[in-house]
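Structure first, commentary second.
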Amino acid sequence: MLHRAKKVGKIYDDKWNGLGGKMEAGETPEECVIREVREESGLKIRRPKLKGVLTFPSFDGVDDWIVFVFTADEFSGRLLEKSPEGRLEWIPDGRVPKLNIWEGDRYFLEHLNGRRFFTGKFVYRNGEYVKHTLTFY
């Protein structure tokens, strides 16, 4: 798994987080994840697999976030040595839970290699995990 350690600031607190970002006008979620991974890592992913859709009500204290969760096994290119998003590093799946990640991420990351699609809602207040729900299909 490829993770980035976002710069310290406000609610992020130097947490490890998957690559991604906001969709641009006219983009599909697939086009967005391909573009974001390329911009942030230098890697060109092929055939990303949509694993789930998550909502984060008022995550930043203002806006609801909708997150499309993808995995990708096929890629080309070289990992950027320096990324504006922070330090990039390949992390073995088993080591990810030991990192400084968002508490709620622990509940869905374990399902990324599964076959079932999932949706979920993760509630945070002031950057602190409150509760979540996950539904599998």
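In my numbering, each number is its position in the sequence shown, counted from 1, plus 20. Just so you know, even glycine gets a beta-carbon here, dropped at the ideal spot from N, CA and C. Quick caveat, the model's predicted, so the values are computed rather than measured.
**Asked** Helix, strand or coil: how does DSSP classify Y149 here?
**Response** strand
**Asked** What are the boundary residues of the alpha helix (DSSP H) that includes S61?
**Response** Element bounds for S61: 49 to 61.
**Asked** Alpha carbon to alpha carbon, what distance is there between K151 and E47?
**Response** Taking C-alpha positions only, E47 is separated from K151 by approximately 31 Å.
**Request:** Could you name the residues of the same chain whose beta carbon sits closer than 6 Å to that of L154, not counting the 5 residues immediately before and after it, in chain order?
**Result:** F138, G140
**Request:** Mind reading off the beta-carbon distance from P77 to I54? Whole number of angstroms is fine, and I expect it under 8 Å.
**Result:** Not confirmed; about 27 Å, so no contact.
**Request:** Give every residue of the same chain whose Cβ lies closer than 6 Å to the Cβ of C52, excluding the five residues on either side of it in the sequence, and list them in chain order.
**Result:** Setting aside the 5 residues that flank it on each side, C52 is surrounded in the same chain by M43, each with a C-beta closer than 6 Å to its C-beta; the list follows chain order.
**Among W110, E148, N146, G38, nearest to F90 - alpha-carbon criterion** = G38
**Prompt:** Can you tell me whether DSSP reads V116 as helix, strand or coil?
**Reply:** Reduced to three states, the DSSP call for V116 is helix.
**Asked** So, is I86 buried or exposed, given that buried needs 16 or more other C-beta atoms within 10 angstroms?
**Response** exposed
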